[in-house]
């Protein structure tokens, strides 16, 4: 069944298309909008995006699979991106990753069965002076310790449950997350 | 070697608004003298601005250290349509400056972009920001919206060179280190895979949407307002040699106070580690450091008195030449030897308890993961480096592995479309040169384990 963008997404896409002299250049922004709406990018979403910017589905498939932030499969809602590159590795990045694996009962690259979390071993995320660190959504969690991680996971799961039950507070775009600092 | 000017210690340019409340808001930026440099620039001719930038000795802060004024002057004079693209795809391991600059002072970036665009004749500029930096993207977008509302963007300004109007669009990447390479970035911005382009033609001739294009790093652009305000000569004067201005270094790893610091251009690694960052924690000793992001060959503890400046790190005799095999220096072409480079300013410090081979293996795994796959030497070679390095690190090395690593690295360096291949090969050869003893020790362990196992099997 072919997918359609919501009216809100359509409006965002219209704004995006006006910023480039060439429609194809809007492909990455359009894919971000599609993933925001659909959660991941199945074949139907790829076809929709291809139609939107006027290129072939094959081209869009090539682009989607080139970039690590686009997901072809269903993905846990809270994506924990844990850096293990050198600056984090020197200060215990792998300990943090393994701690989260044990806590969630999944390996890096997997999602929890309830869909609350996805765990990704990430390359350098440009917060080296605050290693070890991870990102979840817009929030940077810096100078991590196992105890800090436990508190963060508990908080994220609580908010995820609230969202499931439709009582989640709307988060401001610029809000500073727990443990995060600009 | 000239030392930095005496007052350089206190000079802050791109980080001057760090720590000020609401520094990311337009009102704060205006209160602190924002956009006065733009007014001054608009009263000048575009060519005079480029001259001022040339005089300032500003060099690209993304990693290559190319003179910015010269890069601008490659744009053909008769060009009708020119693009400025700001590279905010910071992803070089050990580098964390642009993220802070974007979060703290997006309006300084916008003012710098206005100045550069006026000088270059650009009417629509793009900021390519790393996909993972969602919060920074939101901050920058809010700043762009404020600048539109405040009349700085999207409205015509009277200028000496005729009416000038600029639009800025923020474009988010989607997770690919290679998009920090300027032509990979341009392809990504055009809605394609981030594959680097064969050069020539260089972007200055045929860049974004086939038009002449300048790609500059965030920090580079943010230096422009101060250069216009205080003059190119002043900026060159506080620098060192042919490198003007200050330098941001991001110090991570085994130091007491890791952080992002704006420092005089000529500071040495020793002063940086022991004076600025409080030394090595837990009473341990320094083993070595990476001076400019993981692409750069490391320095050992005997090489830390050299200034962290573009030319010094490439030429200073106190730094050993990187070797292909013991005693044979690696040739960068034309007989030039590789020492190391200042790169992106990402300084990664490691103490004497560090497993250097495991550290090197992690770097190689990074490049193997990020190779875009276009060129065979890089696509295959980076994977081989990672696998051989990893087996050495895990105590499963085989006789001849060190020579094998050097051979693979030598086969990648200089043989690829973009510098990612070099970025894998150079640190590999650098680690082998500076820390050969650590690699040999891993081989001895592997040999000893094998001997015991074989003896057990025979019994």
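Protein chains in written order, with my numbering: chain L, -18 to 163; chain V, 126 to 584.
Virtual Cβ for every residue (Gly too), placed ideally from N, Cα, C.
None of the values given here were measured: they were computed from a predicted structure.
Around residue 540 of chain V, the same chain offers 502 and 546 as residues with beta carbons nearer than 7 Å, after the five sequence neighbours per side are excluded. Here residue 16 of chain L is buried, its C-beta having at least 16 other C-beta atoms within 10 Å. Within the region 48 to 81 of chain L, those residues whose Cβ lies closer than 8 Å to any Cβ of chain V are, in chain order, 48, 49, 50, 51, 62, 65, 66, 67, 68, 70, 71 and 72. Assigned with DSSP and collapsed to three states, residue 372 of chain V falls in strand. Only residues of its own chain outside the window of five on either side were considered, and among them 511, 514, 515, 517 and 518 have a CB closer than 8 Å to the CB of residue 486 of chain V, listed in chain order. In this structure, residue 462 of chain V sits near residue 455 of chain V, with a CB-CB distance shorter than 8 Å.
Proximity of residue 221 of chain V to chain L, defined by a Cβ-Cβ separation below 8 Å, is satisfied. The Cβ atoms of residue 413 of chain V and residue 423 of chain V lie closer than 8 Å to each other. Put simply, of V/270, V/281 and V/554 the residue whose alpha carbon is nearest the alpha carbon of residue 449 of chain V is V/554. Rounded to the nearest angstrom, the gap between the Cα atoms of residue 43 of chain L and residue 214 of chain V is 21 Å. Residue 256 of chain V sits in coil when the DSSP states are folded into three classes, being neither helix nor strand.
Interface flag for residue 504 of chain V against chain L is unset, since no Cβ pair is found closer than 8 Å. Taking C-beta separations shorter than 8 Å and ignoring five residues to either side along the sequence, the partners of residue 25 of chain L in its chain run -18, -17 and -16, following chain order. Beta-bridge partners assigned by DSSP to residue 338 of chain V: V/208.
Residues of the region 365 to 379 of chain V with a C-beta less than 9 Å from any C-beta of chain L: 375, 376, 377, 378 and 379, listed in chain order. The beta-carbon of residue 318 of chain V is placed less than 8 Å from the nearest beta-carbon of chain L. Within the region 269 to 341 of chain V, the complete beta strand (DSSP E) segments at least 3 residues long are 292 to 297, listed from N- to C-terminus. Along the region 9 to 27 of chain L, going in chain order, the ones with a CB nearer than 8 Å to a CB of chain V are 9, 10, 12 and 13. Taking a contact as a CB-CB distance under 8 Å, the pair residue 469 of chain V and residue 418 of chain V counts as one, their CB atoms being some 4 Å apart. Secondary-structure assignment with DSSP links residue 450 of chain V through a beta bridge to V/453.
Not flagged as an interface residue toward chain V: residue 140 of chain L, since no C-beta distance is shorter than 8 Å. Listed along the chain, the chain L residues whose CB falls inside 8 Å of the CB of residue 215 of chain V are 107. Judged by beta-carbon spacing, residue 54 of chain L lies beyond the 8 Å limit of residue 38 of chain L, meaning their Cβ atoms are not closer than that value. Taking all protein chains shown into account, residue 467 of chain V has 16 or more neighbouring C-beta atoms within 10 Å of its C-beta and is therefore buried. Collapsing the DSSP output to three states places residue 470 of chain V in coil. In the displayed model, residue 19 of chain L falls within a helix according to three-state DSSP.
Per DSSP, the unbroken beta strand (DSSP E) holding residue 59 of chain L starts and ends at 59 to 64. DSSP, reduced to helix, strand and coil, places residue 387 of chain V within a strand of the structure shown.
Of the residues assessed, residue 473 of chain V falls on the buried side of the cut-off, its CB having 16 or more other CB atoms within 10 angstroms. Chain-order list of chain V residues neighbouring residue 43 of chain L: 317 and 318, by C-beta distance under 9 Å.
Under the criterion of beta carbons closer than 8 Å, residue 328 of chain V and residue 308 of chain V qualify as touching, at roughly 6 Å. Assigned with DSSP and collapsed to three states, residue 238 of chain V falls in helix. Residues of chain L whose Cβ lies closer than 7 Å to the Cβ of residue 330 of chain V do not exist, since the nearest Cβ in that chain is about 18 Å away. Two segments are said to touch when three or more pairs of C-beta atoms, one from each, lie closer than 8 Å; by this definition the region 288 to 303 of chain V touches the region 251 to 268 of chain V. The three-state secondary structure of residue 101 of chain L, taken from DSSP, is strand. Below 8 Å, enough C-beta pairs join the region 199 to 211 of chain V and the region 331 to 351 of chain V to call them touching: three or more.
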